[in-house]
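If you read the sequence shown in the working numbering, its first letter stands for residue 70, the second for the next number, and so on.
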Amino acid sequence: MISKMKKILIGITFVVSGFLGYLFLFSKLFTFSPIIIGFNKHELYNTIIYVQKGADYNDFTRIDTLIPSIENFHDLKFTPKPEIFIFGDSLSFIKRSFSKARFSAYPSGRLIISPWAIKEDQQGKISLGIYVRHELSHVLLMQKMSYLESYQYPKWLMEGIAVYSTNQMGTSFYPSKDETYHAMAQGNFLPPFDFKTNREDKTKLNVKYRIAFMYSEFGCIVDYLVASYGKTKFLLYMKSLLKDDDHDKIFKQIYGIDFDKFLMNFRQFVEKNDTFKTIK
Ligand SMILES: [Zn+2]
70 MISKMKKILI GITFVVSGFL GYLFLFSKLF TFSPIIIGFN KHELYNTIIY
120 VQKGADYNDF TRIDTLIPSI ENFHDLKFTP KPEIFIFGDS LSFIKRSFSK
170 ARFSAYPSGR LIISPWAIKE DQQGKISLGI YVRHELSHVL LMQKMSYLES
220 YQYPKWLMEG IAVYSTNQMG TSFYPSKDET YHAMAQGNFL PPFDFKTNRE
270 DKTKLNVKYR IAFMYSEFGC IVDYLVASYG KTKFLLYMKS LLKDDDHDKI
320 FKQIYGIDFD KFLMNFRQFV EKNDTFKTIK
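This is the structure:
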């Protein structure tokens, strides 16, 4: 006869595995789930695209052909192929995503795309191509790191690389480079390492779209680094941080200047190059 204790243990195991199964298949652990239910799988040359049953999307080539330009910019290859999930049902997307963002990239190498992103692309409000390239820039870098390392990678730099490499400034909600320079010259500036900290919320920014401005600001910093010191040095900086989280040490080693001093130089450059300053 099974003892009472054994019955309780079996019961607990049953409930815990059921709960975990639910989390992986239908909730927040979805992007790490080894089993996928409710999607049609399309294995392409560069990517694996999963389309939720009932979703209206079939332009797979448009997404798959974006991969070479992303690999070229970063001088890195996707291994394995990134997995892209296109949702048709908003509720199931919200249940499985950690954020309400249109697109979310995960260290598991997966990118999830909301139904409203597909709709906004069809309406011409956003460009699916730019956003997918942006997110896959994150996926590519995260593929080269452990989960802990990707958590420690400078978040501002990850966004700056994604914005700069996709020429995202000046598209949809993102201010153009000139508009961003003008806003920065007027005193709107988030110190990069304040991004995603409590200090970010306390920083006043007199801009139309706060997050899009921050992303464009980081894109401008990357643009300035590449223009001033070259792409080769930039790639060395980007790649060195994949394995070493001492940002300031790496920055000084590669650029020969303290990061704080570099930021001061950047802000002086911005003030001198604010093309809108005479327009009031
Ligand atoms: Zn991003």
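Yeah, the Cβ is synthetic: ideal placement off N, Cα and C, and Gly gets one too. All figures in this text were calculated on a predicted structure; none of them were measured in a lab.
Of the listed residues the options, nearest to residue i (C-alpha basis)
| i | options | result |
| --- | --- | --- |
| Phe154 | Thr148, Lys76, Tyr233 and Asp133 | Asp133 |
| Ser173 | Gln255, Phe338, Leu92 and Leu197 | Leu197 |
| Thr249 | Asp314, Ile136, Asp292 and Lys97 | Asp292 |
| Phe287 | Lys271, Lys265 and Phe156 | Lys265 |
| Lys400 | Gln255, Ile187, Asp314 and Val276 | Limits of the chain in this structure are 70 at one end and 349 at the other, which puts residue 400 out of reach. |
| Met211 | Gly90, Lys146 and Thr240 | Lys146 |
| Gly157 | Glu140, Gly123 and Ser138 | Gly123 |
| Ser234 | Ile117, Cys289 and Gly90 | Cys289 |
| Tyr220 | Ser166, Asp313, Arg279 and Gln192 | Asp313 |
| Glu218 | Asp315, Thr148, Ile105 and Asp343 | Asp315 |
| Lys300 | Ile280, Ile230, Leu274 and Lys330 | Ile230 |
| Trp225 | Ile182, Ile187, Ala186 and Ile280 | Ile280 |
Sequence-distant residues of the same chain with beta carbon closer than 8 Å to residue i, five excluded per side
| i | result |
| --- | --- |
| Asp327 | Asp317, Phe320 and Lys321 |
| Phe263 | The sequence given here has Asp at residue 263, not Phe. Counting only Cβ-Cβ distances below 8 Å, and skipping sequence neighbours, we find Glu269 and Thr272. |
| Gly239 | Ser245, Lys246 and Glu248 |
| Ile104 | Phe93 and Leu94 |
| Asn236 | Ile199 |
| Thr148 | Gln212 |
Chain-order list of residues whose beta-carbon lies under 7 Å from that of residue i (same chain, five-residue window excluded)
| i | result |
| --- | --- |
| Met214 | Tyr222 and Leu311 |
| Val374 | No statement about residue 374 is possible, as the shown extent of the chain runs from 70 to 349 and does not include it. |
| Lys349 | Caution applies to Lys349, whose pLDDT of 46 falls short of 50 and renders its modelled position unreliable; the value that the coordinates give is listed next. If we look at Lys349 and ignore the five residues flanking it on each side, it has no Cβ neighbours. |
| Ala252 | Pro244, Val276 and Phe282 |
| Tyr298 | Tyr324 |
| Ile139 | Arg202, Leu205, Ser206 and Leu209 |
| Phe129 | His111, Leu113 and Ile118 |
| Ser86 | none |
| Val295 | Phe303 |
| Asp343 | Tyr250, His251 and Ala254 |
| Tyr278 | Phe242 |
Beta-carbon gap between residue i and residue j smaller than 9 Å
| i | j | result |
| --- | --- | --- |
| Phe101 | Phe88 | no |
| Lys164 | Phe95 | yes |
| Ser176 | Tyr216 | Note that residue 176 corresponds to Pro in the displayed sequence, not to Ser. Yes, they are a contact pair. |
| Tyr324 | Lys308 | no |
| Pro261 | Leu332 | yes |
| Phe345 | Asp247 | yes |
| Arg171 | Tyr126 | no |
| Ile79 | Ile71 | yes |
| Gly107 | Ser161 | yes |
| Asn109 | Ile136 | no |
| Phe258 | Arg336 | yes |
Bridge partners - residue i, DSSP secondary structure assignment
| i | result |
| --- | --- |
| Val120 | Asn109 and Ile155 |
Cβ of residue i within 9 Å of any chain B Cβ
| i | result |
| --- | --- |
| Lys188 | Reference to chain B is not applicable here, since this structure consists of a single protein chain. |
Neighbourhood of residue i by C-beta, 6 Å cutoff - its chain only, sequence neighbours within 5 removed
| i | result |
| --- | --- |
| Ser159 | Pro184 |
| Leu98 | Leu92 |
| Ile195 | Glu189 and Ser241 |
| Glu228 | Tyr284 and Phe287 |
| Val339 | Tyr250, Met253 and Ala254 |
Discussion item. Quick check for students: name the residue ranges of the alpha helix (DSSP H) that lie wholly in the segment 153-210, counting only runs of 4 or more.
Written reply: 159-165 and 184-191
Worksheet entry | Contiguous alpha helix (DSSP H) assignments of at least 4 residues, all confined to the segment 262-338 | 267-271, 279-298, 300-312 and 316-324
Worksheet item: Using the beta carbon as the reference atom, which residues fall closer than 6 Å to any heavy atom of ligand 2, ordered along the chain?
Response: Looking for ligand 2 in the displayed structure turns up nothing; the ligands present are ligand 1.
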